[in-house]
Amino acid sequence: MEKFTKNAPHLKEAWNKNAFELLILAGSRAWEAWNKGKGIEWQNIADALQIEPFNTQGGAIPRYDQKPVILGNNQLAEIDQLCIASPDQRYIKIIQCGELSQQEITALCLNLATTTKAEIVELVDSATLTLNENLSDYIQRLREQGTETAEMIAQVAQSEEITVKDKSATSEKSRAFKQWLGLDLALQRGSREIYAYNGTIWQQLDDETLEEKAVEFFEANQLLYSDVSVLRLINTLKMQLPKMTEPSPTLIYFRNGTLNRSTLLFEPIKREDFVTSHLNCDYTDQPQNTPHFNQWMDFVANGNEQKKTNILAALYAVLTNRYDWQLFLEITGDGGSGKSVFAKIATMLVGNNSTTQGRLEDMDEPRGRENFINKNLIISSEQSRYGGDGAGLKSITGGDPVNIDPKYRKPFDAVIQAIVMIVNNEATRFTERCGGIDRRRVIYHFDRVVPDEQRDPHLLAKIEQEISGIVYQLMQRFKDPMDAKRALHNQQTSAEALEVKSQTDHITEFCGYFLTSDKCDGLFIGNARMFGKERTHLYPAYLAFTGTSGIKELNLNNFAISLRQGIKQQRNEFDYNKQKTKAGVRTNIHFKDVDEFIKTFLK
Numbered sequence: 012m013e014k015f016t017k018n019a020p021h022l023k024e025a026w027n028k029n030a031f032e033l034l035i036l037a038g039s040r041a042w043e044a045w046n047k048g049k050g051i052e053w054q055n056i057a058d059a060l061q062i063e064p065f066n067t068q069g070g071a072i073p074r075y076d077q078k079p080v081i082l083g084n085n086q087l088a089e090i091d092q093l094c095i096a097s098p099d100q101r102y103i104k105i106i107q108c109g110e111l112s113q114q115e116i117t118a119l120c121l122n123l124a125t126t127t128k129a130e131i132v133e134l135v136d137s138a139t140l141t142l143n144e145n146l147s148d149y150i151q152r153l154r155e156q157g158t159e160t161a162e163m164i165a166q167v168a169q170s171e172e173i174t175v176k177d178k179s180a181t182s183e184k185s186r187a188f189k190q191w192l193g194l195d196l197a198l199q200r201g202s203r204e205i206y207a208y209n210g211t212i213w214q215q216l217d218d219e220t221l222e223e224k225a226v227e228f229f230e231a232n233q234l235l236y237s238d239v240s241v242l243r244l245i246n247t248l249k250m251q252l253p254k255m256t257e258p259s260p261t262l263i264y265f266r267n268g269t270l271n272r273s274t275l276l277f278e279p280i281k282r283e284d285f286v287t288s289h290l291n292c293d294y295t296d297q298p299q300n301t302p303h304f305n306q307w308m309d310f311v312a313n314g315n316e317q318k319k320t321n322i323l324a325a326l327y328a329v330l331t332n333r334y335d336w337q338l339f340l341e342i343t344g345d346g347g348s349g350k351s352v353f354a355k356i357a358t359m360l361v362g363n364n365s366t367t368q369g370r371l372e373d374m375d376e377p378r379g380r381e382n383f384i385n386k387n388l389i390i391s392s393e394q395s396r397y398g399g400d401g402a403g404l405k406s407i408t409g410g411d412p413v414n415i416d417p418k419y420r421k422p423f424d425a426v427i428q429a430i431v432m433i434v435n436n437e438a439t440r441f442t443e444r445c446g447g448i449d450r451r452r453v454i455y456h457f458d459r460v461v462p463d464e465q466r467d468p469h470l471l472a473k474i475e476q477e478i479s480g481i482v483y484q485l486m487q488r489f490k491d492p493m494d495a496k497r498a499l500h501n502q503q504t505s506a507e508a509l510e511v512k513s514q515t516d517h518i519t520e521f522c523g524y525f526l527t528s529d530k531c532d533g534l535f536i537g538n539a540r541m542f543g544k545e546r547t548h549l550y551p552a553y554l555a556f557t558g559t560s561g562i563k564e565l566n567l568n569n570f571a572i573s574l575r576q577g578i579k580q581q582r583n584e585f586d587y588n589k590q591k592t593k594a595g596v597r598t599n600i601h602f603k604d605v606d607e608f609i610k611t612f613l614k
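Residue numbers (my numbering): 12 to 614.
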């Protein structure tokens, strides 16, 4: 940055050098507002702030005659060369008089960050003295980000104004448009959305806002325009903007900084992190009481410590965005059993801006996937009647690039880096039985309903106040992330998960009547014409099972394919196996109790 070469007007006045809170008039009308102490606007400000007379040897100087530091258009244009406050100044009130662009505010903050120890800096309206923006935190972040980043930000404010005419090239108009906006902009790859940095995070500028601003720009510069020229301006701007890098998958973003989930190193959020959202809480490396969360956990786990660990592992996976574990969560249970609370806590752990709702059908279609971009958590509610093969769900949880077809924009491919959570009263029905869904599926069943007299309508609000402590608890519980992954796999193979699947998948239920051996000396596969062979052949036994249960049967080919997954779900000692013999295809599957099966389904 350039060295500051001169003082801002009136900075060296005695009352400004020794002020507890320095007053700065800034904006296009700053000099007019002051008007050598005679301006009505300045006098109203001085009266409202009750500025005391300043005593000197020559007598007291009245409030109107105490010249404030003034930054008009000329001063703002050379802000990088001005000293606008003494180095030890701690409290500053910037009073906005007229127009003050975001570029100019950024340059002001940068100046104060690099030349003063200012702790409290407020930007207020000149007419009402109400707070427009508290700049204190932003200035502190600029200090923490260092000179290199600060200079990059400052380039916006130091650029010369670009003049455009109707005949100017679109590339020139788009550069002038960016300067006119006065925002720190970047383009997200893939989605090609424009984001603006607000000093903490990057916020998306939607197409409608950009089009409105483009029209304002054309009007302000007295340029001709049409719908085509407006879109051309925006698209050209996108081509010129720097590209955002992907947020680091190892970082968890809090309100007060970033936590590296691998090293547990905590650092301030930096501009170049390109953070688009963060948790609505601060990270503290200290344990905190979480009585309401603990009470909820004790209720849903019902004394089962392994289940409690497995639930915490699911919340850890959500918090740390372990989409790369290629699993999805499915929460089942009656109304009032805690499913919604679980989903709400998960939402708190990633933030509302990083959570979206979506159906399983939406995951199957390119047009339906638009809302999943830049999200860390996708909640699918009441999907028990889905009845599809889960192709989209498998692609998303598998980390595969999927096609996205947003309205009014070109389709593109992207990896959706989100945890999927399905919340149902009963388990989802999938037609896929080749194992692609089953090996990704982690089912939790909440089987206790909170009695009406014990329900707390404020429970979620209370848990939200404990979210910092919950984060600390999760990070401490799973210092080795693989402990959480092992807990999730434990939940996959739990008795409650198998029971839930048996209730909605008849193949899983059917296979529960069998076990396996190490040799293929068990039942034959058989076919549909083998009546009376239910004791020795699987497919005839299956047809008896479906006929008695009133279930639509699978054909022989699909049954044979599904059998491998169904047997695997039972966690038998030996994997399913088969071999061809002269008498037909024989398996290593045996009845647990053939007489009980025959009694139940044939008599």
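Backbone N, C-alpha and C fix where the C-beta goes; we use that ideal spot for every residue, glycine too.
Listed in chain order, the beta strand (DSSP E) runs fully inside the stretch 504 to 540 are 525 to 527, counting runs of at least 3 residues. Cβ atoms of residue 508 and residue 502 come within 8 Å of each other, at about 6 Å. Judged by beta-carbon spacing, residue 583 lies beyond the 8 Å limit of residue 519, meaning their Cβ atoms are not closer than that value. Within the stretch 313 to 346, the complete beta strand (DSSP E) segments of 3 residues or longer fall at 339 to 344, listed in chain order. Relative to the Cα of residue 24, the nearest Cα in the group 49, 41, 61, 97 belongs to 97. Scanning the stretch 343 to 390 for uninterrupted alpha helix (DSSP H) segments of 4 residues or longer gives 350 to 361, 371 to 375, listed from N- to C-terminal end. Non-local C-beta neighbours of residue 481 in its own chain, meaning closer than 7 Å and more than five positions away in sequence, comprise 301, 304, ordered along the chain. Our two residues, residue 326 and residue 390, have alpha carbons roughly 14 Å apart in a direct line. Per the DSSP secondary-structure output, residue 454 pairs in a beta bridge with 341. Listed in chain order, the non-local C-beta contacts of residue 517 below 6 Å within the same chain comprise 562, local neighbours out to five positions each way being set aside. For residue 102, the closest C-alpha among the options 108, 114, 425, 123 is that of 123. Taking all protein chains shown into account, residue 420 has fewer than 16 neighbouring C-beta atoms within 10 Å of its C-beta and is therefore exposed.
Residue 131 sits exposed, since fewer than 16 C-beta atoms from the chains shown fall within 10 Å of its C-beta.
Distance check between residue 560 and each of 533, 521, 51, 306 places 521 closest, using alpha-carbon atoms only. With contacts defined by Cβ atoms closer than 8 Å, residue 342 and residue 433 form a contacting pair. By the C-beta density criterion, residue 19 is buried, having at least 16 other C-beta atoms within 10 angstroms.
Annotation for residue 236: 229 place their beta carbon closer than 6 Å to its own, counting only its chain and skipping 5 residues before and after.
With a threshold of 16 other beta carbon atoms within 10 Å, residue 472 falls short and is exposed. Going by DSSP, residue 114 is part of the alpha helix (DSSP H) stretching over 113 to 126. Only buried fits residue 50, as 16 or more other CB atoms lie within 10 angstroms of its CB. Of the residues 152, 438, 345, 188, the one whose Cα lies closest to the Cα of residue 278 is 152. The beta-bridge partner set that DSSP reports for residue 592 consists of 595. Within a 10 Å sphere around the beta-carbon of residue 504 sit fewer than 16 other beta-carbons, which makes this residue exposed. Within the stretch 55 to 97, the runs of alpha helix (DSSP H) that reach at least 4 residues and sit entirely inside it are, in chain order, 84 to 88.
Counting of Cβ neighbours within 10 angstroms places residue 32 among the exposed residues, the total staying below 16.
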